[in-house]
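Taking UniProt numbering, the leading residue of the sequence shown gets 1, the next gets one more, and so forth.
In what follows, a structure is listed as structure tokens, so that the remarks can point back to it.
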Amino acid sequence: MAQQNWRIFKTHDDYERGMDRLLQLANSDLQPDTDDFDEFELLSLLVGHYEESKFPMDKPDPIEAIKFRMEQQGLTQSDMTRFMGSASKVSEVLNYKRRLSLSMIRRLHKGLGIPADILIQDVNHVEAEDGIKLSDEDIYWAA
1 MAQQNWRIFK THDDYERGMD RLLQLANSDL QPDTDDFDEF ELLSLLVGHY
51 EESKFPMDKP DPIEAIKFRM EQQGLTQSDM TRFMGSASKV SEVLNYKRRL
101 SLSMIRRLHK GLGIPADILI QDVNHVEAED GIKLSDEDIY WAA
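Structure representation (structure tokens):
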């Protein structure tokens with residue numbers, strides 16, 4: 001197939017044509033340092049750019065990100081006290097009863113490598129002890 005001069009995808013049809021060609025190349029016997037390989041790399045970038053701009057992914061919930069990292073690293077709630085303080089604070093945070101403090105965010109970011117931009121997001125479903133949902137204005141946690 002004659003190589004096409006690819007440009008940034010502006011329409012969904014451009015994207016579909018690029019995806020079709022990308023899949024065709026992926027299923028071929030690609031060899032480094034060939035025109036087909038270069039086209040494959042370029043199309044991968046163009047497809048990625050289009051998907052990021054048209055289908056943005058939401059960041060994960062900070063508490064779910066912490067739980068995921070705990071699972072990945074085989075950490076228990078008691079292991080998390082070095083990042084969040086007492087066992088009761090760990091439990092409250094993981095059960096959405098307490099917000100992350102700035103010092104917790106710093107320690108979790110540095111110690112577990114969880115991106116700070118994920119940890120600093122608002123958690124909209126923190127509940128009071130009586131189960132009533134609280135808004136940001138209702139909560140004042142010390143760092």
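Glycine included, each C-beta is placed from N, C-alpha and C at the ideal position.
Item                                                                                                                                                                         : Value
From methionine 84 to methionine 104, what distance separates their C-alpha atoms?                                                                                           : 5 Å
Among the candidates Ala87, His12, Ala116, whose CA atom is the shortest distance from the CA of leucine 102?                                                                : Ala116
Evaluate glycine 48 with the Cβ neighbour count: other Cβ atoms within 10 Å of its Cβ, from every protein chain shown; 16 or more gives buried, anything less gives exposed. : exposed
Whose CA, out of Tyr15, Phe37, Tyr50, lies closest to the CA of leucine 25?                                                                                                  : Phe37
The alpha helix (DSSP H) that contains aspartate 117, what's its start and end?                                                                                              : 116-119
What does the Cβ neighbour count give for residue 149, buried or exposed, with the cut at 16 atoms within 10 Å?                                                              : This structure does not reach residue 149, given that the chain is present from 1 up to 143, and the question cannot be answered.
Output the boundary residues of the alpha helix (DSSP H) element that contains arginine 17.                                                                                  : 12-26
Does residue 224 pass the burial test, meaning 16 or more other C-beta atoms within 10 Å, or should it be called exposed?                                                    : This structure cannot settle anything about residue 224, because the visible part of the chain is limited to 1 through 143.
I need the DSSP call for phenylalanine 37, collapsed to helix, strand or coil.                                                                                               : helix
Using C-beta distances below 6 Å, list every residue in its chain close to alanine 65, excluding the 5 sequence neighbours before and after it, in chain order.              : Ile114, Ile118
Consult DSSP for residue 150 and reduce its assignment to one of helix, strand or coil.                                                                                      : The first residue shown for the chain is 1 and the last is 143, placing residue 150 beyond what the model contains.
Output the boundary residues of the alpha helix (DSSP H) element that contains proline 62.                                                                                   : 62-73
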